[in-house]
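Student: Before anything else, here's the structure in question.
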């Protein structure tokens with residue numbers, strides 16, 4: 366198997382080894398500086414500190430522009446057009462950062478699914494080989510697996526009773 370990974374514990378130096386891909390190795394390759402920045406912004410925007418800072422910012426902005434500190438301190442009179450524009454731009458950028466982070470999370474889920482699939486295939490191949498070496502009939506095992514899966518599906522949907 367080619368590609369990035371770490372050597373597992375089978376075999377020794379120069380001997381046969383088990384090459385396993387690790388999620389963090391794969392994800393490190395696909396995560397760039399822009400992704401790190403988007404994740405940091407998204408993480409901060411999802412905190413209560415972000416909410417509190419905005420509440421203070423809006424309160425101060427409105428207080429100044431309602432004349433609480435004198436008419437000379439007013440720079441954006443009601444209906445606060447500049448504040449509205451700034452908040453709208455912030456919302457556009459924050460939603461973009463959230464989408465970037467969600468896309469990266471989807472890529473992470475795809476990597477996990479691929480690695481899970483590879484692990485499942487390895488396990489099945491090893492199980493079949495060990496079963497054959499022990500004289501186990503793979504068709505009988507598969508029939509039993511299908512029965513158990515059907516019972517489990519029936520229990521999950523509530524449409525059947527367990528046959529045990």
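In our numbering, the protein residues as written are 366 to 529. Glycine is no exception: its CB is placed at the ideal position from the N, C-alpha and C atoms. Remember, predicted model here, so these are calculated numbers, not experimental data.
Buried or exposed for residue 468, please, with buried defined as at least 16 other CB atoms from any protein chain shown within 10 angstroms of its CB.
Tutor: It is exposed - the Cβ of residue 468 has fewer than 16 other Cβ atoms within 10 Å.
Student: Go through its chain and collect everything with a Cβ distance to residue 529's Cβ below 7 angstroms, but skip five positions before and after it.
Tutor: Because the pLDDT at residue 529 is just 48, under 50, the model does not fix this residue reliably, and the value given afterwards should be weighed accordingly. Correct list: empty, nothing qualifies.
Student: Which first and last residues belong to the alpha helix (DSSP H) in which residue 438 is found?
Tutor: Run containing residue 438: none; DSSP gives neither H nor E here.
Student: Count the C-beta pairs between the segment 476-488 and the segment 414-427 that are closer than 8 angstroms, then say yes if the count reaches three, no if not.
Tutor: Touching, no.
Student: Looking only at its chain, what residues have a beta carbon closer than 7 angstroms to the beta carbon of residue 432, apart from the 5 residues adjacent to it on each side?
Tutor: Closer than 7 angstroms at Cβ, skipping near neighbours: 439.
Student: Residue 475: buried (16+ other C-beta within 10 angstroms of its C-beta) or exposed?
Tutor: Answer is exposed; the Cβ neighbour count stays below 16.
Student: May I ask which residues mark the beginning and end of the alpha helix (DSSP H) holding residue 453?
Tutor: Taken as a continuous stretch (DSSP letters only), the alpha helix (DSSP H) holding residue 453 covers 446-498.
Student: With distances taken from CA atoms, which of 488, 491, 466, 472 is nearest residue 391?
Tutor: Looking at the Cα atoms, 472 is the closest of the given residues.
Student: For residue 403, count neighbouring Cβ atoms within 10 angstroms of its own Cβ and tell me buried if that reaches 16, exposed if not.
Tutor: Buried, because 16 or more other Cβ atoms sit within 10 Å of the Cβ of residue 403.
Student: If we ignore side chains and look at the alpha-carbon of each, how far apart do residue 441 and residue 453 end up?
Tutor: Rounded to the nearest angstrom, the two C-alpha atoms are 16 angstroms apart.
Student: Helix or strand or just coil, what does DSSP make of residue 374?
Tutor: Because residue 374 sits at a pLDDT of 45, beneath the cut-off of 50, its placement in the model cannot be relied upon, and the point is left open.
Student: Within the chosen definition, does the segment 400-415 reach the segment 458-467 through at least 3 CB pairs nearer than 8 angstroms?
Tutor: Counting Cβ pairs under 8 angstroms, three or more are found: they touch.
Student: Could you pull the start and end residues of the alpha helix (DSSP H) that residue 387 belongs to?
Tutor: First-last for residue 387: undefined, no H or E at that position.
Student: Taking only runs of the alpha helix (DSSP H) that begin and end inside the segment 502-528, which ones reach a length of at least 4 residues, in chain order?
Tutor: Taking only runs of at least 4 residues, the alpha helix (DSSP H) segments lying wholly in the segment 502-528 are 503-522.
Student: Measuring straight from C-alpha to C-alpha, what distance separates residue 509 and residue 516?
Tutor: For residue 509 and residue 516, the distance between alpha carbons rounds to 11 angstroms.
Student: Could you tell me whether the Cβ atoms of residue 398 and residue 459 are closer together than 9 angstroms?
Tutor: Not in contact: residue 398 and residue 459 (Cβ atoms no closer than 9 angstroms).
Student: Express the C-alpha separation of residue 456 and residue 415 in angstroms, rounding to a whole number.
Tutor: If I take the Cα positions, the gap works out to 13 angstroms.
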